[in-house]
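Have a look at the structure below, then the notes.
There are 2 protein chains.
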Amino acid sequence: MERDFFDEAKTFKAFCDEKRLRILALLLDGEKCVCALNEEMDLPQSTLSYHMKILCESGVVEGRQEGKWTHYSISVQGIGGAAETLKRYVPKGVIQLGDEGCCASL
Amino acid sequence: MERDFFDEAKTFKAFCDEKRLRILALLLDGEKCVCALNEEMDLPQSTLSYHMKILCESGVVEGRQEGKWTHYSISVQGIGGAAETLKRYVPKGVIQLGDEGCCASL
DNA sequence: TTGTCAAATCAAATTGTCTTGATTTGAGGA
DNA sequence: TCCTCAAATCAAGACAATTTGATTTGACAA
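Which chain is which? The protein sequence lines are H and P, in order. Going by the numbering used here, the first sequence opens with residue 56, and the numbers climb by one from there. Going by the numbering used here, the second sequence opens with residue 56, and the numbers climb by one from there.
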């Protein structure tokens with residue numbers, strides 16, 4: 056089985072930028088609309104939009120349209136997928152909690 | 056407590072590049088010296104060296120000097136730290152396995 | 001339909017990352 | 001010491017990501 060390194064890299068694009076991490080941290084409080092993020096991030100609207108797109112494409116953030124507004128929230132599944140991917144970079148044979156299945160979902 | 060987003064981003068720099076993921080995948084087999092990686096990656100020596108530096112700075116890879124040779128290996132602790140960081144981006148209140156401590160080390 | 005507003009997209013400039021040959025460093029061995 | 005070799009560093013150019021004002025889109029109200 057060939058790994059899709061391109062896709063895996065894409066997932067982590069979300070986390071390798073300071074501003075995007077800050078946005079994610081704001082979304083920890085729950086779903087927020089762009090205008091709210093805009094105020095808290097102090098960035099031009101287009102810049103924020105750019106980062107939101109990358110966050111969505113990486114799968115860790117989801118957007119929800121409601122009339123004129125777009126609400127963004129963290130995708131728990133998306134983060135879980137990233138964690139799952141990360142785990143695959145731990146060499147086999149390393150004794151580690153969770154290998155028996157208790158953390159299979161993370 | 057202020058998060059050090061810069062440092063967190065640095066950690067994930069390791070995983071957001073296709074070539075670095077490929078290098079990590081090669082290191083899953085165990086410690087390897089640069090010359091071995093060089094053959095398998097088919098990259099100029101200086102290019103590989105550049106990526107190894109980023110991998111080390113992100114904390115997920117460790118280098119070990121042995122005479123003229125440098126051996127690199129995956130740092131299980133480093134990957135664990137990254138996973139730990141990732142987990143902090145899961146919103147509170149989301150029901151999830153591992154919250155009771157069984158996966159505290161991951 | 002026309003206007004308004006939130007948000008996405010565009011395009012051009014800036015900034016940052018990556019690539020690579022050349023050079024340097026540093027550990028042996030002759 | 002001097003040479004050789006592995007690997008790091010340097011420096012310049014190529015390439016990719018980011019920034020931003022301007023423009024477009026699409027939803028709703030008048």
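Backbone N, C-alpha and C define an ideal beta-carbon position, used for all residues, glycine too.
Check	Outcome
Determine, for H:D97, whether the minimum Cβ-Cβ distance to residues of chain P falls below 8 Å.	no
Return helix, strand or coil for H:R143, following the three-state DSSP convention.	coil
Could you check the C-alpha separation between H:P146 and P:E86 for me, to the nearest Å?	10 Å
Could you check if P:G156 is buried or exposed, using at least 16 other CB atoms within 10 Å of its CB as the buried criterion?	With a pLDDT of 42 at P:G156, under the threshold of 50, the modelled position of that residue is not reliable, and the figure given next carries that caveat. By the neighbour-count rule (16 or more Cβ atoms within 10 Å), P:G156 is not buried but exposed.
Is there a Cβ of chain H sitting closer than 8 Å to that of P:V116, yes or no?	no
In its own chain, which residues sit with a C-beta less than 6 Å from the C-beta of H:E117, not counting the 5 before and 5 after it?	S128 and S130
Name the DSSP bridge partner or partners of H:C88?	H:H126
Determine the direct distance from the alpha carbon of H:T66 to that of P:G136, and round the result to whole angstroms.	18 Å
Would you call the CB atoms of P:M107 and P:R77 closer than 8 Å?	no
May I ask you to list, following chain order, the residues of the region 71 to 85 of chain H that have a beta carbon less than 9 Å from some beta carbon of chain P?	C71, D72, E73, K74, R75, L76, R77, L79, A80, L82, L83, D84 and G85
Of the choices P:F60, P:L82, P:D59 and P:R58, whose alpha-carbon is the least far from that of P:V115?	P:L82
Does P:Y144 get closer than 8 Å to chain H when you measure Cβ to Cβ?	yes
What residues of chain P sit near H:A91, judged by a beta carbon separation below 7 Å?	Near H:A91 there are no residues of chain P at all, since even the closest Cβ is about 16 Å away, more than 7 Å.
At the 8 Å Cβ level, is H:R119 part of the contact set with chain P, yes or no?	no
Which residues share a DSSP beta bridge with H:R119?	H:H126
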